[in-house]
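In this note's numbering, the protein residues as written are 1 to 359. Have a look at the structure below before the remarks.
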């Protein structure tokens, strides 16, 4: 196996261009978690892996409570399967909360404020109520808790990390919140050792080939805990050494057929194919990295992927009942690739329920 095989194998592991499941929950379960701070982009990240699906169908999975949007790792929003939400929060959020203590002090958010906020928001959401962020901030203000600046979102995220609340279905274009115990009354519980092993299993099967440091960076676990998880499931995985680096992956992941026609994929900016690894050099040419993350500002542009390599950028423009997609390839596309791009743009339009055009 060579470095050139890593990208195509990751596409296969992540269910891009392969049959990886039948429902949004299947896809999210396979990957363990899917980054979701860009809500609409995250819907497409799921839809991309479910041929024939629609944006409405993915949102239905949220409304039907099979997938949940919350802050389980790295202080970043992710979709997780409802069955996994509690054990993931219990395993991964204590370090996040501890690491946020300094920022909380800057915002004058002490434990007394958080405890008062918990009581206020529990009352606002009790009985299965669904509230927008604005409505929750108003409830805090009525109780003399200032949500201005970043105080409000830090209150919401900490209480979500502690398992009090999570996101509900959108109300128009507004995010909503619900009590986790009302929204997902039952979910899986694991002790810490089993949880570390399970998150390792999910990560390496759903993201491999990947390294220990990729896994640690993705989860936010300590290196010792990451090594513990990998050792616990190593017999279930395949190990490869590529240029002196140890990679782990599913045992059923086959070497991709590199002579297959050059399929084009349009990925969201924060798709797991790009964001799910500490070392992205195997799939992103270093000379183009600044185009994907302009100025290193942490905002990732939507990418065009071919043969497991990022080969360009894309953007969309919504016009009435249609979507126009433009590509900015890093090099010239062949006629076969251009034809493939038209097909994937049509697929994207169908996902949105809109007419589409490549411009």
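Beta carbons are placed, not taken as given, at the ideal position from N, Cα and C, and that holds for glycine.
- Scanning 80, 158, 229 for the CA closest to the CA of residue 192 turns up 229.
- With a 10 Å radius around the Cβ and a threshold of 16 neighbouring Cβ atoms, residue 147 comes out buried.
- Here DSSP, grouped into helix, strand and coil, assigns residue 247 to strand.
- Fully enclosed alpha helix (DSSP H) runs of no fewer than 4 residues occupy 85-99, 101-106 of the segment 64-117, in order along the chain.
- DSSP places residue 352 inside the alpha helix (DSSP H), whose first and last residues are 335-352.
- Straight across, the Cα-Cα distance linking residue 282 with residue 156 is about 36 Å.
- By the neighbour-count criterion, in which 16 or more other beta carbons inside 10 Å mark a residue as buried, residue 158 falls on the buried side.
- For residue 18, the CB contacts under 6 Å within the same chain, skipping 5 residues up- and downstream, are 12 in chain order.
- With respect to the 8 Å criterion, residue 70 and residue 167 are classified as neighbours on the basis of their beta carbons.
- Two segments are said to touch when three or more pairs of C-beta atoms, one from each, lie closer than 8 Å; by this definition the segment 318-335 does not touch the segment 22-33.
- Taking a cut-off of 8 Å on C-beta distances, the segment 82-89 touches the segment 55-73, as three or more cross pairs fall below it.
- The alpha helix (DSSP H) runs lying completely inside the segment 160-218 and spanning 4 residues or more are 180-183, 192-207, given in chain order.
- Leaving aside the five residues that flank residue 128 on each side, the residues in its chain whose CB is nearer than 7 Å to its CB run, in chain order, 182.
- C-alpha of residue 338 to C-alpha of residue 357: approximately 13 Å in a straight line.
- Here DSSP, grouped into helix, strand and coil, assigns residue 292 to helix.
- Rounded to whole angstroms, residue 185 and residue 219 show a C-alpha spacing of 25 Å.
- Residue 278 carries a coil assignment under DSSP once its states are collapsed to helix, strand and coil.
- Under the three-state reduction of DSSP, residue 158 is assigned to helix.
- Within the model, the alpha-carbon separation for residue 41 versus residue 265 is close to 14 Å.
- Residue 316: member of the beta strand (DSSP E) spanning 309-319, first to last residue.
- Rounded to whole angstroms, residue 336 and residue 267 show a C-alpha spacing of 19 Å.
- If you look at residue 305, you'll find it in the beta strand (DSSP E) that goes 303-306.
- Remark: C-beta atoms of residue 314 and residue 305 do not approach each other more closely than 8 Å.
- A Cβ-Cβ contact shorter than 8 Å links residue 253 with residue 208.
- Taking the CA atoms as reference points, residue 144 sits about 19 Å from residue 132.
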